[in-house]
Amino acid sequence: MERGRVKTWKRRWFILTDSCLYYFEYTTDKDPIGIIPLENLSVREIEDSTKQYCLEIYNPRGQKIKACKTENGGRVVEGKHQSYRMSAATADERDDWIGSIRASITKDPFYDLVSLRKRKVINNNNASQD
Numbered sequence: 001m002e003r004g005r006v007k008t009w010k011r012r013w014f015i016l017t018d019s020c021l022y023y024f025e026y027t028t029d030k031d032p033i034g035i036i037p038l039e040n041l042s043v044r045e046i047e048d049s050t051k052q053y054c055l056e057i058y059n060p061r062g063q064k065i066k067a068c069k070t071e072n073g074g075r076v077v078e079g080k081h082q083s084y085r086m087s088a089a090t091a092d093e094r095d096d097w098i099g100s101i102r103a104s105i106t107k108d109p110f111y112d113l114v115s116l117r118k119r120k121v122i123n124n125n126n127a128s129q130d
């Protein structure tokens with residue numbers, strides 16, 4: 001599969017295990033250059049004018065995805081994406097990835113509780129400012 005943002009596509013190799021998607025620059029790499037924990041995320045098929053057979057991993061709440069990547073100097077940094085777009089070689093491969101990723105997505109009820117609490121606080125603050 002290939003991974004890319006809006007305009008840049010880079011070839012990456014993926015391993016899906018333990019509810020995480022690990023990506024590598026080369027098939028021979030031992031260590032991933034990025035890790036995407038699949039907690040509280042969603043995946044869907046998407047259309048892209050520059051690539052066929054695309055899928056997108058995204059946070060349904062529109063928040064930044066909790067992920068990390070390794071910079072050129074070897075330093076691990078937090079990811080900044082709200083979504084990750086990938087392109088498979090065929091429609092069947094894309095559909096297989098979507099099914100496998102969906103099966104690996106975990107839900108953390110504590111996360112939902114904290115998100116609900118955060119929304120209530122924001123709503124209460126907005127209401128008190130009116």
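Start counting the sequence shown at 1; every next residue gets the next number (UniProt numbering). Ideal placement from N, C-alpha and C gives every residue a C-beta, glycine not left out. Computed from a predicted model, the values in this text were never measured in an experiment.
Whole-Å CB distance - residue i paired with residue j, under 8 Å assumed
i     : j     : result
Trp9  : Tyr23 : About 13 Å separates the two Cβ atoms, so there is no contact after all.
Glu56 : Ser83 : 5 Å
Lys64 : Lys80 : 6 Å
Short CB-CB distance (under 9 Å) between residue i and chain B
i      : result
Asn126 : Any reference to chain B falls outside this structure, which holds one protein chain only.
Test item: CB-CB of residue i and residue j under 9 Å
i      : j     : result
Cys20  : Ile33 : no
Tyr53  : Glu93 : yes
Ile105 : Leu41 : yes
Ile98  : Glu47 : no
Asp31  : Thr70 : yes
As assigned by DSSP and simplified to three states, the class of residue i
i      : result
Lys51  : coil
Lys69  : strand
Arg12  : coil
Ile57  : strand
Glu25  : coil
Ile122 : helix
Burial state of residue i (16 or more Cβ within 10 Å)
i     : result
Val43 : buried
Ile15 : exposed
Arg85 : buried
Ser87 : buried
Which parts of the segment 76-106 are runs of the alpha helix (DSSP H), unbroken and 4 residues or longer, counting only runs that do not cross its ends?
Segments of the alpha helix (DSSP H) lying fully in the segment 76-106: 91-104.
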